[in-house]
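One structure is given below, encoded as structure tokens.
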Amino acid sequence: MASKEELLTKLKTFFKGDFEVVKHVAGVRPTVADRRPLVGRHPKHKNLYVLNGFGSRGVLIAPYASQQLYRYIEHGKAIDED
């Protein structure tokens, strides 16, 4: 509930109209410890590949990462560690 109150307080600093919160739901956004995308072959299921975990930088990183994964799958080229 503290997060909800913080958001409402910030909203009131720039929105001067009347409003009503009809429903409040919180979610958990999955992430990885080092905040780096997951790209490559699944370690256990060799016929599955992963391309996920881009977060807010996805627009910038996803094209490069998908190209890396494609080259790995189709041509056997190593995926750049960075």
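Counting from 54, one number per residue, gives the positions in the sequence shown under this note's numbering.
Quick reminder that beta carbons are idealized off the backbone N, C-alpha and C, glycines included.
#1: Checking 7 Å against the spacing of the C-beta atoms, do Gln121 and Ile114 come in under that value?
#2: Does the separation of the CB atoms of His95 and Leu104 fall below 7 Å?
#3: Helix, strand or coil, according to DSSP, for Arg82 in the structure here?
#4: Quick one: what's Val112 bridged to in DSSP?
#5: Can you tell me the Cβ-Cβ gap for Pro90 and Gly70, rounded? I've got them flagged as a contact below 8 Å.
#6: Helix or strand or just coil, what does DSSP make of Arg124?
#7: For Glu73, which option in Leu61, Thr66, Val81 has the closest C-alpha, if you only look at C-alpha atoms?
Well, looking at it:
#1: Here residue 121 is taken as the residue at index 68 of the sequence shown, counted from 1. Here residue 114 is taken as the residue at index 61 of the sequence shown, counted from 1. Contact: no.
#2: As a working mapping, residue 95 is identified with position 42 in the sequence shown. As a working mapping, residue 104 is identified with position 51 in the sequence shown. No. Outside cutoff.
#3: Walking along the sequence shown from the start, residue 82 turns up at place 29. Reduced to three states, the DSSP call for Arg82 is coil.
#4: Taking the sequence shown and counting its residues from 1, the one referred to as residue 112 is at position 59. The partner list for Val112 (beta bridge, DSSP) is empty, contrary to what the question assumes.
#5: For the purposes of this step, residue 90 is taken as residue 37 along the sequence shown, with counting starting at 1. For the purposes of this step, residue 70 is taken as residue 17 along the sequence shown, with counting starting at 1. Wrong, their Cβ atoms sit about 40 Å apart, outside the cutoff.
#6: Numbered from its first residue, the sequence shown carries residue 124 at position 71. Three-state result, Arg124: helix.
#7: Taking the first residue of the sequence shown as position 1, residue 73 is located at position 20. Per the Cα distances, Leu61.
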